[in-house]
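K.L.:
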Amino acid sequence: MSNLTIDDLMQLVSNYSTEEKKQILKAYKLACELHHGQMRESGEPYIIHPLSVAYILAEMHADADTISAGLLHDTIEDSDITKEDLREMFNKDVATLVDGVTKLAKMNFSSKEDKNAANTRKIITSITDDVRIIIIKLADRLHNMKTLEHKKKFKQKENALETMEVFVPLAYYIGAYRLKSELEDLSLKYLKPEAYQNISEKIEIITKENDEWLKEMLYKIKVLLEEKNIPNEIKFRVKNVYGVYKKLEHGLRLNDIHDLFAIKIMVKEIDDCYLTLSNVHRLYNPINRKFKDYICNPKTNMYQSLHTTVFAPNDTLVQTQIRTFDMDKIDNFGLTAYWDIHNEEARNVMQQTLREKYQFFKSLVEINRVFGDNKEFINQIKKELFGGQIYVYTTDGDIKEFPVGATLIDFAYEIHTDIGNTLIGGYVNDEYVGVDHVLHNQDRVKAVTNDLAFGPKPEWESIAVTTKAKRRIREFNRK
Ligand code: MN
0 MSNLTIDDLM
10 QLVSNYSTEE
20 KKQILKAYKL
30 ACELHHGQMR
40 ESGEPYIIHP
50 LSVAYILAEM
60 HADADTISAG
70 LLHDTIEDSD
80 ITKEDLREMF
90 NKDVATLVDG
100 VTKLAKMNFS
110 SKEDKNAANT
120 RKIITSITDD
130 VRIIIIKLAD
140 RLHNMKTLEH
150 KKKFKQKENA
160 LETMEVFVPL
170 AYYIGAYRLK
180 SELEDLSLKY
190 LKPEAYQNIS
200 EKIEIITKEN
210 DEWLKEMLYK
220 IKVLLEEKNI
230 PNEIKFRVKN
240 VYGVYKKLEH
250 GLRLNDIHDL
260 FAIKIMVKEI
270 DDCYLTLSNV
280 HRLYNPINRK
290 FKDYICNPKT
300 NMYQSLHTTV
310 FAPNDTLVQT
320 QIRTFDMDKI
330 DNFGLTAYWD
340 IHNEEARNVM
350 QQTLREKYQF
360 FKSLVEINRV
370 FGDNKEFINQ
380 IKKELFGGQI
390 YVYTTDGDIK
400 EFPVGATLID
410 FAYEIHTDIG
420 NTLIGGYVND
430 EYVGVDHVLH
440 NQDRVKAVTN
450 DLAFGPKPEW
460 ESIAVTTKAK
470 RRIREFNRK
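Oh and the sequence shown: position 253 is 252 in numbering that gives the first Met the number 0, straight run, nothing missing.
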């Protein structure tokens, strides 16, 4: 990508309006001027970096303001230009985005100073004002990770670790899976170089070995769907290196990974998804317990798809993911998929949906409301949003997401405040447990309540992990 030129970028946005293309070109020229004479550690002219960032954004179908801001994202930091200047030369959005990305770079999670904590808090909460800031930051990080070989060894590790801890979760939260898996693999490459090398080679070999029948499988499905008049597109993907690494770490062998190979089938309508499912099962036997309906039960980051793992030829398992074209767009690009809509009103609706539906943003808003002290706020953010997640099932088969360490108390309050307030215990995988029981991934959980219960004890507040539960317990005990 280092031979990238402005022509490549313009080609990618060739279907944008004349006005938008003009603005992107203008942003490029200004960025060239302002970074003139600066070099990257690789020895290349600096402009290659913002240009690459803009290119990644254009690949995600970002709007012209976001791409322009991508081109200009390092100019406030690296030159004398100000937010005001950018607002006059471009518009308010471009100025706010560049300013937001600049501030995000100064975010310091581990600082012990109060002043920094206050600043970090402001930055984190500003994310909910315009999610495009995160996307530019993610594209920025992706390009920096791709060019990490030019940095010193300890810097490489430091950046890789930060990417894993902060940016991978962010990509996940906005549902940008493609960015997420690229960032994971690049991080692993520097954190565990041997494992990375080893697994990449193994994946390559096993993919080649199975290539023939996989192609045949794709073909058979395609033919059957065409016979049934279901227009479709079929793609094939191999699990990313990091994904495989995690499974192997859990003691699985490469051949046991049920989604090492996945076939993605895209169709037009939701009804076609279910028709496709039955046709796939007609050709290949499914493993019953591996079926998941994320169309009825979207993940908390809005991911939707049907997942079925089938017995493929050659005694191999293949995961089949069936979804509409729109769902696929969201899977690839996350929220940015909604950007195909080029008007402000539509984007405001998106911003609103984001705040109401995405678990990450809901939690962020809640944490901001409950924690007055800046340091406590940041600690809670780290624990609740960047400490990893688990998924548990309700007895209705709904999937709920919690931070690692969440207890039955958190579960109960997530379902309903009344359930939390009358909780006396529960069943986890059919075994009776106390309210402070720590939940684990894939647990089946049922809360047991009693209307005569005394209500949450004050000490529950410190047992609970989620801010939502903590707040409800505090409110109950205040009354
Ligand atoms: Mn940058």
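The C-beta atom is built at its ideal place from N, Cα and C for all residues, glycine as well.
#1: Check whether the Cβ of H306 lies closer than 8 Å to any heavy atom of the ligand MN, and answer yes or no.
#2: Going by other Cβ atoms of all chains shown within 10 Å of its Cβ, with 16 needed for buried, is L451 buried or exposed?
#3: To which residues does DSSP link P402 through a beta bridge?
#4: Under the three-state reduction of DSSP, which class applies to D435: helix, strand or coil?
#5: Helix, strand or coil for K445 per DSSP?
#6: From this set, I132, N300, D271 and T394, which residue's C-alpha is nearest K102's C-alpha?
#7: F166 by DSSP, collapsed to three states: which one?
#8: Determine contact between the stretch 273–293 and the stretch 316–333, defined as no fewer than three beta-carbon pairs at a distance below 8 Å.
#9: Measuring CB to CB, does P49 end up less than 9 Å from A30?
#10: With DSSP as the reference, identify every bridge partner of Y426, one or two as the case may be.
#11: DSSP three-state label for E413, please.
#12: Is the closest heavy atom of the ligand MN to the C-beta of P49 under 8 Å?
#13: From which residue to which residue does the beta strand (DSSP E) around H306 run?
#14: Measuring alpha carbon to alpha carbon, tell me which of D271, K238 and L274 ends up nearest I262.
#15: What residue range is occupied by the uninterrupted alpha helix (DSSP H) comprising I279?
#16: Report all residues from its chain with a CB closer than 7 Å to the CB of K188; omit the five preceding and five following residues, and keep chain order.
#17: Spell out the partners DSSP gives A261 in its beta bridges.
#18: Cα separation between H257 and K289?
#19: Taking the runs of the beta strand (DSSP E) that are 3 residues or longer, which of them lie wholly in the stretch 150–205?
#20: Pull the bridge partners of T323 from the DSSP assignment, please.
#21: Output the distance between the C-alpha atoms of H35 and M144, rounded to the nearest integer angstrom.
#22: Measure the C-alpha to C-alpha separation of P312 and M216 and round it to an integer number of angstroms.
#23: Kindly indicate which three-state DSSP category P285 falls into: helix, strand or coil?
#24: Run through DSSP, which three-state label would K456 get?
#25: Where does Q10 land, buried or exposed, given buried means 16+ other C-beta within 10 angstroms?
#26: Note down, in chain order, each residue of its chain lying with its Cβ closer than 7 Å to the Cβ of H142, except the 5 sequence neighbours on either side.
#27: For the alpha helix (DSSP H) that E83 lies in, which residues bound it at each end?
#28: Could you check what DSSP says for K291 in three-state terms: helix, strand or coil?
#29: Shorter than 8 Å, the distance from the beta carbon of N143 to the closest heavy atom of the ligand MN, or not?
#30: Just to confirm, does V317 get its C-beta within under 8 Å of one of the non-hydrogen atoms of the ligand MN?
#31: Give a yes or no on whether the C-beta atoms belonging to P487 and G419 are separated by under 9 Å.
#32: Nearer than 8 Å: is that true of the beta carbon of V52 relative to any heavy atom of the ligand MN?
#33: Based on Cα-Cα distance, which residue from K207, K267, L274 and S199 lies nearest to K227?
#34: Thinking C-alpha only, which one of I377, D429, T421 and L407 is nearest A117?
#35: For I123, is the classification buried or exposed, using 16 other Cβ atoms within 10 angstroms of its Cβ as the cut-off for buried?
#36: Give the straight-line distance between the Cα atoms of S180 and K246, rounded to the nearest whole angstrom.
P.N.:
The relevant details are as follows:
#1: no
#2: exposed
#3: Q388
#4: coil
#5: strand
#6: I132
#7: helix
#8: yes
#9: yes
#10: Y431 and K445
#11: E413 carries a helical assignment under DSSP once its states are collapsed to helix, strand and coil.
#12: Between the ligand MN and the CB of P49, the shortest heavy atom gap is smaller than 8 Å.
#13: L305 to A311
#14: K238
#15: Note on identity: in this sequence residue 279 is Val, with Ile being the wrong assignment. Run containing V279: I269 to L282, per the alpha helix (DSSP H) assignment.
#16: Excluding positions up to five away in sequence, the list reads Y195.
#17: R236 and Q318
#18: 9 Å
#19: none
#20: In DSSP, T323 forms a bridge with V266.
#21: Roughly 23 Å between the two C-alpha positions.
#22: Taking the straight line joining both Cα atoms gives about 8 Å.
#23: strand
#24: coil
#25: Counting Cβ neighbours within 10 Å, Q10 comes out exposed, since fewer than 16 surround it.
#26: H48, S51, V52 and I55
#27: K82 to M88
#28: strand
#29: yes
#30: The beta carbon of V317 sits no closer than 8 Å to any heavy atom of the ligand MN.
#31: What is shown of the chain runs 0 to 478, which leaves residue 487 out entirely.
#32: yes
#33: L274
#34: I377
#35: buried
#36: CA-CA distance, S180 to K246, rounds to 15 Å.
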